[in-house]
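K.L.:
As they're listed, the protein sequences go chains Y and A. Going by the numbering used here, the first residue of the first sequence is number 1, and it counts up by one from there. Going by the numbering used here, the first residue of the second sequence is number 1, and it counts up by one from there. One structure is given below, represented as structure tokens, and several questions about it will come after.
Number of protein chains: 2
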Amino acid sequence: MTPLVQYLESHFDITAPDDLQQISGLFKTVTLKKGDYWLKTDQYCRQLSFVKSGLLRIYRSVEDKEVTQWISAEGSFLTDLSGFLFQTPSRWNIQALTEVSLYTISQTDYQKLGTLVEKWHTLEKQFIAKCFTMLENRMFQHLSMSAEERYISFFEQHKALFHQVPLQYIASMLGMTPETFSRIRKKQML
Amino acid sequence: MTPLVQYLESHFDITAPDDLQQISGLFKTVTLKKGDYWLKTDQYCRQLSFVKSGLLRIYRSVEDKEVTQWISAEGSFLTDLSGFLFQTPSRWNIQALTEVSLYTISQTDYQKLGTLVEKWHTLEKQFIAKCFTMLENRMFQHLSMSAEERYISFFEQHKALFHQVPLQYIASMLGMTPETFSRIRKKQML
DNA sequence: GAGGTTGCTTGACAAAAATCAAGAAATTTA
DNA sequence: TAAATTTCTTGATTTTTGTCAAGCAACCTC
């Protein structure tokens with residue numbers, strides 16, 4: 001569970017060995033094969049995972065097309081945050097794009113963390129707030145930037161993804177068609 | 001402070017008179033005149049307000065134009081959530097569009113709530129998570145809907161706003177120009 | 001109530017992005 | 001490795017949205 005422990009240390013500033021063990025002890029290792037679903041629309045999301053390795057796509061089907069909301073990569077948490085916290089049916093599908101290895105905690109065990117780890121509530125709050133902030137930035141980019149500007153901005157921050165997943169998913173995530181994406185890409189590569 | 005108390009009861013399920021008083025007792029009444037700023041870009045947001053009456057616009061200036069992020073109305077909380085929680089300089093301007101009456105709590109007093117009210121941490125978490133969920137929905141709409149569809153969806157949920165604030169602000173919030181907004185509007189009214 | 005300001009609409013045009021269709025390239029599968 | 005599938009690219013075209021410019025309407029304000 002080293003990657004998870006490192007994450008907890010660096011992102012949550014949890015350093016006490018006891019706390020680290022309390023937390024990581026509740027996670028179980030899970031693997032998914034390419035194409036497997038971690039979650040499907042209308043299911044209840046009763047788990048929170050930390051991605052040890054691999055890539056997953058979070059998307060939603062609307063009418064005849066699929067809208068990719070995000071791609072989760074190694075070293076980040078994975079859940080349907082709204083569904084997990086409010087226990088409402090999920091609106092998302094989450095599917096493995098590669099072989100995936102996860103550390104997973106059940107909702108029940110997750111709830112124990114509040115009593116086991118002193119400052120858990122604060123950390124949880126910070127985590128959710130961080131998710132909010134990221135989304136706020138993304139929303140702002142959509143309100144203020146063109147497709148090309150969004151492409152450039154995303155490319156600068158996530159270069160690696162561009163040769164790890166089908167580009168159409170990145171296109172969708174950036175709110176454009178694969179064709180538009182391809183044309184911008186060509187222009188950028190000249 | 002009745003509107004605030006009602007909000008706490010219905011949205012946060014706080015019913016104990018003691019708790020209600022503990023909380024609302026820390027808020028002070030503040031009024032703003034039309035055009036006054038509640039917050040400016042690069043300032044630290046050290047307050048959380050509840051809008052008793054009036055309307056405020058949250059926006060950001062980019063190059064030569066202004067991007068409206070949201071319009072806050074009567075009966076909702078107002079803050080730069082990211083800035084307030086992480087104590088980072090704000091990227092937003094928040095300006096009164098009308099006479100505004102607020103109940104305001106300082107960051108210092110806000111922090112006391114954790115010790116004064118038993119389940120405060122849970123409620124705070126729920127509140128932030130709610131903000132996240134709303135933003136997630138909005139983001140999804142931008143990824144999956146055209147300008148016209150966004151107009152219709154917003155109009156259905158916020159009819160009242162359309163004759164309360166300059167329409168250009170709503171246009172910006174929906175990610176389109178005033179001209180496009182005007183054309184869609186005309187089409188919808190036929 | 002005349003003049004100024006601000007906000008809204010309209011038209012003509014330009015640019016951005018979507019759609020459709022075909023084909024090339026890459027990847028997977030057998 | 002050949003065939004099948006999936007993904008990406010390209011061109012032609014349409015649709016959507018933005019830009020610019022002008023005019024109109026509402027509303028302050030003096």
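Ideal Cβ positions, reconstructed from N, Cα and C, are used throughout, including at glycine. If you're wondering where the values come from, they're calculated on a predicted model, not measured in any experiment.
#1: Chain A partners of Y/Met189, CB-CB under 8 Å?
#2: Does the contact criterion of 3 or more C-beta pairs under 8 Å hold for the stretch 26-37 of chain A versus the stretch 90-109 of chain A?
#3: Looking at chain A, which residues of the stretch 140-158 of chain Y have a Cβ within less than 8 Å of any of its Cβ atoms?
#4: With 7 Å as the threshold, decide whether the Cβ of Y/Lys28 is near any Cβ in chain A.
#5: Using CA coordinates, which residue listed in A/Arg185, A/Phe12 and A/Tyr7 is at the minimum distance from A/Ala129?
#6: Verify the CB distance criterion: does A/Phe132 have a CB-CB separation below 7 Å to chain Y?
#7: For the putative contact between A/Glu216 and A/Ser172, defined by C-beta atoms under 8 Å, what is the C-beta separation to the nearest angstrom?
#8: Do you know whose CA, among Y/Gln87, Y/Ser61 and Y/Gly54, lies nearest Y/Phe77's CA?
#9: Is DSSP giving A/Gln69 helix, strand or coil here?
#10: Put A/Arg91 into one of helix, strand or coil per three-state DSSP.
#11: So A/Phe132 is in the alpha helix (DSSP H); what residue range does that whole segment cover?
#12: Please classify A/Lys159: does DSSP put it in a helix, a strand, or coil?
#13: Excluding sequence positions up to five away, which residues of its chain have a Cβ less than 6 Å from the Cβ of Y/Asp42?
#14: Taking C-alpha atoms, which residue in Y/Lys159, Y/Gln69 and Y/Gln168 lies nearest to Y/Pro178?
#15: Going along chain Y in order, which residues have a C-beta closer than 9 Å to the C-beta of A/Phe86?
#16: I'd like to know whether the C-beta of Y/Phe11 is nearer than 7 Å to at least one C-beta of chain A.
#17: Name, please, each residue of chain Y whose Cβ falls closer than 8 Å to the Cβ of A/Val117.
#18: Can you tell me which of the three DSSP states Y/Lys186 falls into?
#19: Verify the contact flag: Y/Tyr7, CB atom, against every heavy atom of the ligand NAP, threshold strictly below 6 Å.
#20: What is the DSSP secondary structure of A/Leu85, counted as helix, strand or coil?
#21: Report the rounded CA-to-CA distance for A/Tyr7 versus A/Thr133, giving the unit in angstroms.
#22: Using DSSP bridges, identify the partner residues of A/Thr104.
#23: Are any of the Cβ atoms in chain Y nearer than 7 Å to that of A/His121?
#24: Locate the alpha helix (DSSP H) running through A/Leu170, then write down its first and last residues.
#25: Take the Cβ of A/Tyr59 as the centre, count every other Cβ of all protein chains shown within 10 Å, and call the residue buried at 16 or more, exposed below.
#26: With respect to the alpha helix (DSSP H) encompassing A/Ser76, which residues constitute its N-terminal and C-terminal limits?
#27: Hey, does A/Gly175 have any beta-carbon neighbour from chain Y nearer than 7 Å?
#28: If distances are taken between C-alpha atoms only, which option among A/Gly114, A/Gln188, A/Gly35 and A/Tyr44 comes closest to A/Ala96?
#29: Are A/Trp70 and A/Asp80 close, meaning C-beta to C-beta below 7 Å?
#30: Cβ of Y/Ser61 less than 7 Å from any chain A Cβ?
#31: Could you check whether the Cβ of A/Val67 sits closer than 7 Å to any Cβ belonging to chain Y?
#32: In chain A, what lies closer than 7 Å to Y/Glu136 by C-beta?
#33: Per DSSP, Y/Val62 is paired with what?
#34: Using a 10 Å radius around the Cβ and a threshold of 16 neighbouring Cβ atoms, would you call Y/Ser146 buried or exposed?
#35: Please list the terminal residues of the continuous beta strand (DSSP E) segment that includes A/Leu97.
P.N.:
If we stick to the structure as given:
#1: One finds nothing in chain A with a Cβ atom closer than 8 Å to the Cβ of Y/Met189; even the nearest lies about 25 Å away.
#2: These segments touch.
#3: Within the stretch 140-158 of chain Y, the residues whose Cβ lies closer than 8 Å to some Cβ of chain A are Phe140, His142, Leu143 and Ser144, listed in chain order.
#4: Y/Lys28 has a beta carbon lying at 7 Å or more from every beta carbon in chain A.
#5: That would be A/Phe12, whose Cα lies nearest to the Cα of A/Ala129.
#6: Yes, its Cβ sits closer than 7 Å to a Cβ of chain Y.
#7: The question about residue 216 of chain A has no answer, for chain A in this structure spans 1 to 190.
#8: By alpha-carbon distance to Y/Phe77, the top candidate from Y/Gln87, Y/Ser61 and Y/Gly54 is Y/Gly54.
#9: Of the three classes helix, strand and coil, the one that applies to A/Gln69 here is strand, per DSSP.
#10: Of the three classes helix, strand and coil, the one that applies to A/Arg91 here is coil, per DSSP.
#11: Secondary structure note for A/Phe132: its alpha helix (DSSP H) is the uninterrupted segment Trp120 to Ser144.
#12: In the structure shown, A/Lys159 sits in a helix (DSSP, three-state: H, G or I).
#13: Pro89, listed in sequence order.
#14: Just measuring C-alpha positions, the residue of Y/Lys159, Y/Gln69 and Y/Gln168 sitting nearest Y/Pro178 is Y/Gln168.
#15: Listed along chain Y are Gln126, Ala129, Lys130 and Thr133, each with a C-beta nearer than 9 Å to that of A/Phe86.
#16: Correcting the residue type first, residue 11 of chain Y is His in the shown sequence and not Phe. Y/His11 does not count as touching chain A.
#17: The premise fails here: A/Val117 is roughly 13 Å from chain Y at the closest Cβ pair, so nothing lies under 8 Å.
#18: The answer is helix: DSSP assigns Y/Lys186 an H, G or I state.
#19: Judged by which ligands are present, the structure shown has none, so any question about the ligand NAP falls away.
#20: In this structure, A/Leu85 counts as helix in the three-state DSSP scheme.
#21: C-alpha separation (whole angstroms): 19 Å.
#22: DSSP output for A/Thr104 lists A/Lys28 and A/Ser49 as bridge partner(s).
#23: Answer yes: the Cβ-Cβ gap between A/His121 and chain Y drops below 7 Å somewhere.
#24: At residue 170 of chain A the sequence reads Ile, which differs from the Leu that was named. Leu167 to Met173 is the span of the alpha helix (DSSP H), which, as asked, contains A/Ile170.
#25: The residue in question, A/Tyr59, is buried, as its Cβ has 16 or more Cβ neighbours within 10 Å.
#26: No alpha helix (DSSP H) contains A/Ser76, which DSSP labels as neither H nor E.
#27: Output row for A/Gly175: interface = yes.
#28: With distances taken between Cα atoms, A/Ala96 lies closest to A/Gly35.
#29: Cβ atoms of A/Trp70 and A/Asp80: not closer than 7 Å.
#30: Cβ-Cβ to chain A under 7 Å: no for Y/Ser61.
#31: It does; some Cβ of chain Y falls within 7 Å.
#32: For Y/Glu136, the chain A residues whose C-beta falls within less than 7 Å of its own C-beta are Ser82 and Leu135, listed in chain order.
#33: Answer by DSSP bridge pairing, in chain order: Y/Lys65.
#34: Classification of Y/Ser146: exposed, given that the 10 Å Cβ count is below 16.
#35: Per DSSP, A/Leu97 lies in no beta strand (DSSP E) and is assigned neither H nor E.
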